[in-house]
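Here's the structure, in structure tokens; my notes come after.
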Amino acid sequence: MLRRPRKPRKTASADVQDHSLEQALEHSKDKLLGNELTSSERFFKELLGLNNDFVMRRFHVFGRYPAVMCYYANMVDQALINKDILKPFMYVPSHLEGKEFELGQLTEVLLNDAIYHSACKLERQLEALVNAILQGNTIVLVDGLYDAFLIDTRNIDKRSIDTPATEQVIRGPREGFIELLGTNISLLRYRLQTSDLRIRTMEIGRRTKSKVAVCYMEGITNPDLVAEVDKRLSKIDIDAVLDSGYLEQFIEDNHYSPFPQVQYMERPDKVAANLLEGRVAIMVDGSPMALVVPTVFNQFYQTVEDYTERFLLMSALRLARLIALMFSLVFPSLYVAIISFNPELIPTEFAVAVAGGRAGVPFPAIIEVLVIEISMEVLREATIRLPQQVGGALSIVGVLVVGQAAVSAGFASPITVVIIALTTIGSFATPAYNAALALRLLRFPLIIMAGIFGLYGVMIGLIVIANHILSLKSFGVPYMSPLVPGNFEGMKDTVVRFPFSLMRKRPSFLFPQDHTRISGQAVDEQADSKGSPLNPLKFKEERKDAEE
Amino acid sequence: MKDERQITAIQSAAILVSTIIGVGVLALPLFAVRAAESGAPLVTAVSVLLAFVGLAVISLLGMRFPKQSITQYSEDIIGKWLGRLGSALLIGYFAILSALTAREFGEVVITSVLTRTPLEVTVIVMLLLAALATRNSVTTFAYIHHFYFPLLLFPALLIVALSLKNADGLNLQPMWGNVSWTRPELWEGLLTITALFQGSFIMTLVIPAMRRPEKALTASAWGMLIAGGLYVTIVAATVGVFGSEEIKNLLWPTLELAKGTSLPANVLERLDAAFLAVWVTAVFTTLFSSYFFTIKEASKLFRLGDHKMFSFFLLPTVYVMAMLPRSILHMYEIIENVGRIGLILTIGYPMLLWMIALVRRKRGNR
């Protein structure tokens with residue numbers, strides 16, 4: 004067979020259209036800088052010069068050698084460029100004045116004697132130089148040199164460190180992460196001033212090239228876990244990582260489960276505590292939420308305050324939170340089941356009252372509950388989306404007026420409104436928003452099951468949910484740990500938080516390398532040696548002695 | 532699927548307890564009273580001992596062959612084809628057991644709670660629930676049992692404790708019962724109650740997945756002690772409350788016991804519907820175990836790596852078997868007969884295997 008000559012695939016016009024930065028970069032991969040200034044200048048001009056905020060400034064190094072400085076005008080610290088880059092490049096340092104340099108000596112002199120900026124290095128890879136400019140750094144090209152000077156001048160406007168919006172506490176630190184990765188790392192380092200805190204960074208996102216930092220404690224975190232996190236992260240191939248939530252959906256174990264298998268947190272102190280337990284934190288540049296793996300179900304009703312406040316009180320509050328969590332899941336379905344199938348369960352007087360309230364309602368209980376539930380979800384969603392000034396007004400209107408009107412219009416019974424209100428409030432009491440969301444969603448199938456099969460249906464639904472939870476794993480850790488499989492050391496920090504003197508070891512379901520959290524010996528010694536310097540008896544006797 | 536050896540001794544005891552405690556509890560006092568009248572708790576206790584002998588043999592066999600389940604070591608002990616025949620019978624038997632469990636609970640539900648729901652629906656729902664759960668690994672199987680274990684014990688003990696205020700110690704006397712030793716009903720009843728413990732056969736599947744198979748016997752003893760203790764307690768409480776003559780007229784005396792009790796402070800006026808709702812978990816765990824045994828061993832018999840395929844494949848067969856009994860009375864007749872005959876398979880057959888293994892000095896590699 005004769006082979007026809009192939010047509011050239013790309014036409015000239017397509018070539019022009021495809022002339023994007025990415026492809027140009029791809030083209031220039033592994034290419035090095037030449038020593039001719041004009042050609043290098045042309046390269047950068049063609050690549051980046053179309054942008055109005057790209058600045059190329061020509062000048063002469065030490066008044067002799069032509070040079071060009073490139074940067075993005077809005078990402079750099081202008082004063083720093085003038086003072087710490089332009090000036091030392093232009094003037095010969097005072098202690099070398101009058102001396103003559105060859106071109107070959109110029110790099111050395113500039114780097115060692117002239118530039119007084121700590122983050123300055125030499126670079127000759129074109130791709131690295133372009134990326135540096137894109138990140139907000141400045142490069143200086145000098146005619147005749149094969150290396151360009153790469154100087155860190157990045158200066159991005161950021162919001163100030165604020166109280167974390169999603170995790171408020173009454174007692175505890177008030178700092179929250181912000182968007183900039185560097186600031187977040189500094190917040191974390193400030194809390195963990197130890198050489199064991201390891202932070203590894205990588206870039207994810209073909210176009211955004213977002214910096215991702217994996218943080219863990221050397222000597223505590225199991226190295227296999229760190230390796231697995233690295234592996235899962237490195238397999239991600241996506242064009243953009245705009246928030247840590249993008250990563251979460253790639254590294255979680257079961258994508259179809261409603262339950263979150265990765266916990267996010269906004270508080271540096273919480274992240275530090277989790278790192279110390281042997282977990283791994285993942286932070287993304289541009290996201291104020293750090294991801295923490297592995298995650299177990301217990302974490303969803305625990306807060307930072309549980310540890311800052313005394314154990315007895317916080318254990319009771321934890322119990323309340325757990326009850327709220329369960330309430331938000333089963334309360335409406337139990338109501339539907341009892342009202343429509345087993346009214347004999349509730350005391351007679353109450354049953355009569357409920358029946359009286361429902362007398363004018365034309366729908367069966369399941370329809371009534373579903374309608375009110377859905378309108379509650381709509382109200383909640385509306386309150387979140389509306390601007391703050393309007394939101395407050397709407398929630399009052401929604402809850403009071405609509406609820407009251409629905410009852411008096413005979414659309415819903417007062418008991419239903421009470422039940423739904425309690426359920427909604429219960430779901431707000433859950434500290435973890437993503438877990439509350441899962442239970443909020445699962446409430447609807449449960450209500451439907453209750454409407455069809457009564458209590459039997461509710462149990463079937465709960466068993467399906469429980470079986471699913473029990474089959475979930477987060478990085479190999481069973482989701483219900485330390486309850487199932489039983490782990491005594493871990494159980495000290497589930498519903499009841501034991502006093503610190505009893506929680507001497509780290510939870511072993513994370514298989515930390517170092518188990519000891521609190522030195523048992525010190526605790527015992529401290530308990531023995533507590534003196535009472537202000538014992539009134541002592542003073543009484545002293546006074547007696549003085550009087551005598 | 533690679534071998535998982537993660538199940539602890541506590542978990543295996545929990546598996547035993549939650550497998551044994553099931554829908555049988557509802558009719559248990561009736562069987563016991565029919566056999567020995569006021570000696571019902573004693574008869575139950577003897578049955579527990581008898582069942583424990585069977586379980587002990589299974590555990591010993593399992594400890595002798597710690598890496599294999601019964602379908603695998605039976606081939607080693609009595610030869611390929613005989614072993615396969617025995618395994619096929621066992622698998623079939625557990626399929627029937629699953630079917631009967633689903634049917635029995637379906638009957639309970641439509642009789643006492645959902646009176647207008649067709650039987651087919653409740654049976655299918657139960658079977659689907661079990662089939663869905665069997666798609667998990669052995670480790671998850673153990674987790675599920677471990678999780679539900681306290682949820683089974685607590686309501687049963689609560690009912691017993693609350694019913695004590697209505698109980699009369701005289702009902703339990705004479706302790707030996709008023710029946711003669713030669714009465715055939717006594718022996719039949721003894722075997723029927725022993726058959727209620729047949730779920731413990733699941734141990735043969737659990738041992739190969741245990742982290743330390745040498746602890747199997749201890750786990751079995753604990754499992755049997757807890758489950759048996761609960762059964763004896765429930766029979767004693769029921770007989771104490773109703774008396775043996777009254778119980779003979781009740782189909783599900785345990786459910787009647789729940790009906791008669793109420794929580795203090797009148798939180799819930801009647802407990803039977805709530806008890807039944809909680810009892811769904813107990814029935815689920817039993818059904819889950821027997822169905823899991825069926826499909827897991829079937830996949831081993833056919834040398835399949837994955838058991839998930841069978842979980843829905845066998846479902847129609849089990850469903851048809853569940854719908855075979857014509858009425859509730861017919862069903863109980865079948866349950867009693869099948870249970871007694873099944874003892875040959877679940878106690879006799881392992882005992883035979885064990886003795887042959889001893890004689891032939893067969894031993895699994897550790």
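Taken in order, these protein sequences are the chains called R and G.
When the first sequence is numbered by the numbering used here, its final residue is 551 and no position is left out of the sequence of numbers.
When the second sequence is numbered by the numbering used here, its final residue is 897 and no position is left out of the sequence of numbers.
Virtual Cβ for every residue (Gly too), placed ideally from N, Cα, C.
Just so we're clear, the structure is a prediction, and the values are computed from it rather than from any experiment.
Asked	Found
Min CB distance residue 841 of chain G to chain R below 8 Å	no
Buried versus exposed call for residue 106 of chain R [16 or more other C-beta atoms within 10 Å across all chains shown]	exposed
Straight-line gap, residue 46 of chain R to residue 152 of chain R (C-alpha atoms, nearest Å)	16 Å
Inter-residue CB distance, residue 285 of chain R and residue 250 of chain R (contact presumed, cutoff 8 Å)	6 Å
Separation of residue 810 of chain G from residue 614 of chain G, as counted between CA atoms	37 Å
Three-state secondary structure assigned by DSSP to residue 552 of chain G	coil
Cβ neighbour criterion (16 or more within 10 Å) applied to residue 377 of chain R	exposed
Inter-residue Cα distance where the pair is residue 533 of chain R and residue 195 of chain R	29 Å
Cβ neighbour criterion (16 or more within 10 Å) applied to residue 204 of chain R	exposed
Close Cβ partners of residue 514 of chain R (< 7 Å) along its chain, the five nearest in sequence each way excluded	225
Chain R contacts made by the stretch 670-700 of chain G, where a contact means CB separation under 7 Å	671, 674, 675, 677, 678
Sequence ranges, alpha helix (DSSP H) only - wholly within the stretch 628-686 of chain G, length at least 4	650-664
Backbone CA spacing between residue 392 of chain R and residue 381 of chain R [nearest angstrom]	19 Å
Residues that residue 347 of chain R contacts on chain G, provided the C-beta gap is smaller than 7 Å	800, 801
Endpoints, the alpha helix (DSSP H) within which residue 824 of chain G is located	803-832
Residue 49 of chain R, buried or exposed, once every other Cβ within 10 Å from all chains shown has been counted against 16	exposed
Under 9 Å (Cβ pairs) to chain R, residues found in the stretch 804-815 of chain G	804, 805, 807, 808, 809, 810, 811, 812, 815
Complete alpha helix (DSSP H) runs within the stretch 464-522 of chain R (minimum length 4 residues, chain order)	491-494
For residue 882 of chain G, the three-state DSSP class (helix, strand or coil)	helix
Buried or exposed by the 16-neighbour rule on C-beta atoms within 10 Å, applied to residue 326 of chain R	exposed
Residue 219 of chain R - partner residues in DSSP beta bridges	R:201
Among G:836, G:678, G:832, nearest to residue 612 of chain G - alpha-carbon criterion	G:832
Where residue 65 of chain R sits in the DSSP three-state scheme	coil
Complete beta strand (DSSP E) runs within the stretch 228-303 of chain R (minimum length 3 residues, chain order)	266-268, 283-287, 293-296
Three-state secondary structure (DSSP) of residue 338 of chain R	helix
Below-8 Å beta-carbon distance, residue 763 of chain G vs any chain R residue	no
Neighbour list for residue 542 of chain G in chain R, Cβ cutoff strictly below 9 Å	487, 488, 489
Any chain R beta carbon closer than 8 Å to residue 667 of chain G	yes
Within chain R, partners of residue 656 of chain G - CB distance below 9 Å	456, 459, 460, 463
For residue 752 of chain G and residue 583 of chain G, the rounded distance between their alpha carbons	7 Å
Option in R:115, R:362, R:317 with minimal Cα separation from residue 502 of chain R	R:317
Residues of the stretch 634-645 of chain G with Cβ closer than 7 Å to any Cβ of chain R, in chain order	640, 644, 645
Residue 783 of chain G classed as buried or exposed, judged by whether at least 16 other C-beta atoms fall within 10 angstroms	buried
Under the three-state DSSP convention, the category residue 307 of chain R falls into	coil
For residue 124 of chain R: DSSP bridge partner residues	R:153
Every unbroken alpha helix (DSSP H) within the stretch 360-427 of chain R, with a cutoff of 4 residues, ordered by chain	368-388, 391-399, 406-411
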